[in-house]
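Since the structure comes first, as structure tokens, the remarks are kept for the end.
Protein chains: 2
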Amino acid sequence: MINKPFTAPDCASCTSRHTSVFADLGTGDLEKLPLEKGCNFYKSGHTIFSEGSYPSGLYCIHKGKVKIFKNGAEGKDQILRFAKEGDIIGYKAILSDQPYSASATALEDAVVCFIPKKSYFDVLQLSPQLALKMMQLLTHELKTAETRIVELAQKPLRERLAEAILILKETFGFEENTTTIDVSLTREDIANIIGTATESVIRLLSEFKKDKLIELNGRKISIVDMKKLIKTANIDD
Amino acid sequence: MINKPFTAPDCASCTSRHTSVFADLGTGDLEKLPLEKGCNFYKSGHTIFSEGSYPSGLYCIHKGKVKIFKNGAEGKDQILRFAKEGDIIGYKAILSDQPYSASATALEDAVVCFIPKKSYFDVLQLSPQLALKMMQLLTHELKTAETRIVELAQKPLRERLAEAILILKETFGFEENTTTIDVSLTREDIANIIGTATESVIRLLSEFKKDKLIELNGRKISIVDMKKLIKTANIDD
DNA sequence: TACCCGTTATGACTTTTGTCATTGTTTACT
DNA sequence: AGTAAACAATGACAAAAGTCATAACGGGTA
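Take a look at the structure:
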């Protein structure tokens, strides 16, 4: 069996919720949410939803890491963003009532709750705060996307890779008491973040290592010289 | 004088409104809008708002064409999108209560109305329809931005330029009874859409002309062979 | 343990795209 | 209408990044 049903955690006591878009909901509004809420276990590598299919609700990640990506030309994926505990995904398709424009796959074993469309819209209707929160989430995503457009359009590979590493660090943090980024991505995944060939990523990572910016250990990346790495990324915003 | 005040058109009778995000507002809600609304005339090339400055309202384009762009590294601009009659701009900054993350400049003489933050939020508060409309506008922008990310990351220049021409056609349409796209952009502007050097755009446009995809007349581009152009763009979504 | 498959690594080479220099052409302004 | 400044065009060259081929690694499984 691929997606095992999983005992749904209680939203009211979910520790992820406090960092999520639902954080400021009153308990009154919140009670609307868990109605019919489902929860599934996804094994690493398995798909939560697929580009082109129709959504019937949105997903809230209880545990695990997820990549959101689009299928580009000639079968090459483009990773748009990552999601982790407390993040909601698939809300764009729900709000616009259109098929998913991207796919979501678990990067490691994950537990993901499902909130049916109707429950969600009920809360949205009742809570202007949630509506505003959603708008702010959307504006934030949009701003991030626009920054990425500028970078893909203008920055050389070396800078994009350095920045990608920094963003992975911001998103997933370090493993406890280390400077090792807490996520495992293949070189191909990394290539699909910054829009380049796998070989180019491999070569550049080796260079970064030689230049003592990072340390490599299989798929784990450790940041050795954060300052130099930031400089290499040539960040201007 | 740079931005002459301009007699504000009446929102209730504004022909642009019906294609805008305000289209479905009842007249009751609408009456909130024109309160304190201002209107300015911007000469071609002049700035409506600048990246980094703080917003105090949003803008609704009554007439004219506008480019929205970010300043990238080494002084190179990146055009994010265009706006025309009936479009609102600067709403992202208002919703997120942050400085503008991009600048807006008139591409031709333009008349742009200004809706103060407070008026806007008043209507937003009263009208769940407008809130939903805004969310849908945001999701649409986000989807467009994500498609652009994939294209900038994966497509070669030739395809990106062909697609840019098609998008310009979609956005601005043809001049009456012609196949000439109704907008004048410098080669540099075009380069700043697709993220390349001006010289590359010049060279590729000449190629497209040689290949009988387009015709060039100063800054005006006419589409000669739409089918081939679409094929050249290699669109897959 | 040994094997196997997906991944990582590296080299040689090609293609694409950018940069610089120079010249010709428009545009916008007075 | 005249003029300066911005823009467009083109060539020669350089740099960046992609492709292809091949080899080595590595971790899970029979």
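Protein sequence lines, in the order shown, are assigned to chains A and B.
One point on numbering: in my numbering, the residue at position 233 of the first sequence is 223, and numbering is uninterrupted.
One point on numbering: in my numbering, the residue at position 186 of the second sequence is 176, and numbering is uninterrupted.
Cβ coordinates follow ideal geometry from the N, Cα and C atoms, glycine included.
Everything numeric in this text was worked out from a predicted model, so none of it was measured.
Secondary structure in the stretch 161 to 189 of chain B: the alpha helix (DSSP H) runs of 4 residues or longer, each lying completely within the stretch, are 177 to 184 in chain order. With respect to chain A, the C-beta atom of B/K159 has no partner C-beta closer than 8 Å. Of all alpha-carbon atoms in A/A96, A/T137, A/I183, A/I211, the one lying nearest the alpha-carbon of B/S91 is that of A/T137. A Cβ-Cβ distance of about 6 Å is found for the pair A/G185 and B/Q144, placing them in contact under the 8 Å criterion.
In chain order, I171, D172 place their CB closer than 8 Å to the CB of B/G163, counting only its own chain and leaving out the 5 sequence neighbours on each side. In this structure, DSSP gives B/G28 an extended state, which the three-state scheme calls strand.
Listed along chain A, the residues sitting closer than 9 Å to B/I139 by beta-carbon distance are K60, Q68, L70, A135, R138, I139, L142, G185. Between B/I183 and B/A154, the beta carbon gap of about 5 Å places them in contact (Cβ cut-off 8 Å).
Contact annotation: A/L132 and B/L132 have beta-carbon atoms nearer than 8 Å.
In this structure, A/L122 lies away from B/T129, with their beta-carbon atoms at least 8 Å apart. Among the CB atoms of chain A, one or more fall inside 8 Å of the CB of B/N224. Within the stretch 104 to 117 of chain A, the residues whose Cβ lies closer than 9 Å to some Cβ of chain B are L114, Q115, listed in chain order.
Shown here for A/T37: same chain residues with a beta carbon closer than 6 Å to its own, the five before and five after excluded, namely T95 in chain order. The DSSP-derived three-state label of B/A100 is strand. In the DSSP assignment, A/A63 falls outside any beta strand (DSSP E), carrying neither H nor E. Under the Cβ criterion of 8 Å, A/Q126 is counted among the residues facing chain B. Judged by beta-carbon spacing, A/G47 lies within the 8 Å limit of A/F104, meaning their Cβ atoms are closer than that value.
Residue state for A/R209 is assigned as coil, using DSSP reduced to three classes. Chain-order list of chain A residues neighbouring B/K221: empty, with the shortest C-beta distance near 13 Å, by a criterion of under 7 Å.
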